[in-house]
Amino acid sequence: SESERYRIGIGVQFAIAELSGLSFAIVDEMDMLDAENRRILNRMVNEAPLAQILVLGTREDSVPLPAPMPGWIFIRLQNVGGESRLAESVVPQLQEA
-3 SESERYRIGI GVQFAIAELS GLSFAIVDEM DMLDAENRRI LNRMVNEAPL AQILVLGTRE
57 DSVPLPAPMP GWIFIRLQNV GGESRLAESV VPQLQEA
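If you count by this note's numbering, then the sequence shown holds residues -3 to 93, one letter each, in order.
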């Protein structure tokens, strides 16, 4: 299926990022996945041995950003006069030691 090929491609990208020492990846078009496949992708991202992963997708303004999750920052950008501007963000609270 298309979503399975998409996830395999992401896995290969994560492997290349790890083996190369780059430790960074960008995953685009997350919005093409249904809810179950998004959960699978979230698990892949959480378990990936990379320092930073950007996950991008389109979301309608009426759909709220996800609740805070440890290690994740969610942002919504809007196009204002041809420029991308931060419209909303969800950042997890840091716990004091």
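Note that beta-carbon positions come from the ideal geometry of N, C-alpha and C, so glycine has one too.
query                                                                       : result
R72 (DSSP reduced to helix, strand or coil)                                 : strand
Cα-Cα separation between P66 and P88, rounded to whole angstroms            : 6 Å
Nearest-angstrom beta carbon gap, M26 and R39 [assumed within contact, 8 Å] : Between M26 and R39 the Cβ distance is about 13 Å, and since that is not below 8 Å, they are no contact.
Bridge partners - F20, DSSP secondary structure assignment                  : Q48
Inter-residue CB distance, L46 and S16 (contact presumed, cutoff 8 Å)       : L46 to S16, Cβ: 11 Å. No contact.
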